[in-house]
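Numbering (this note's numbering), first residue to last: 145 to 337. Think of the CB as a built atom: it goes at the ideal place given N, C-alpha and C, for glycine as much as any other residue. Notes for the one structure printed next.
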Amino acid sequence: MVSQSDQRIRWDIHDIEGLPQNEWTTYEIIDGELFVTRSPHRRHQQVAHEICSALNIWSKQSGLGEAIFAPGILLSDADNIVPDVVWVSKETLALIEDEAGHLTGVPELVVETLSPGAENIRRDRQAKLKLYSIQGAQEYWIADRFAQRLEIYRREEGRLVLTMTLTVEDKLSSPLLPGFSCPVSQFFSEYRP
């Protein structure tokens, strides 16, 4: 027998349409679970912007794709997310962008910046990691502005696994982004060598 406490409410994109809309609240659904977040802290946005800027400069030089800040990704009725930054190749973008400009598949690289709070950390380190892994992301970066480090997850044997953790003393490069190199310290404005 299933008790009422064992049954969880499954949200979908149609449920979000009935929720109050404003510029300070973001609704995301991961596997039918609703996550509600307020606008992030200014420094959270700065870290995401710095990462997006570095990817954007490389993308313009390489011509291989583009970096997108806070795109809407509509994977299914039960999976609707807004990552901080993504990088997508031109070929993949042509396949996953709908007429409304939403992405209907996960790009090759997804980046999240941690916000404080156990629920936010659980969402990024567990729920989103699992979703991006299942959906085929090649890399997932988690920027931790509090510890000033960057966790790099890469696809190995069909899933995303933590392959390295970089600090402000390190340089970031990626086999996914040929010729891309950037000091991690550039992402964290609080850190000045």
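Rounded to the nearest whole angstrom, the C-alpha separation of L320 and W202 is 12 Å. Our two residues, E283 and G162, have alpha carbons roughly 34 Å apart in a direct line. With respect to the C-alpha of G323, the residue from P184, E177, Q190 and Q205 having the closest C-alpha is Q205. For E252 against V232, the beta-carbon gap comes to about 6 Å, under 8 Å, which counts as contact. Here DSSP, grouped into helix, strand and coil, assigns D175 to coil.
By the Cβ neighbour-count rule, D175 is exposed, with fewer than 16 other Cβ atoms within 10 Å of its own.
Looking at G209, P215, T309 and D228, the one whose alpha-carbon comes closest to that of T236 is G209. Distance between S259 and I265, taken at the CA atoms: about 7 Å.
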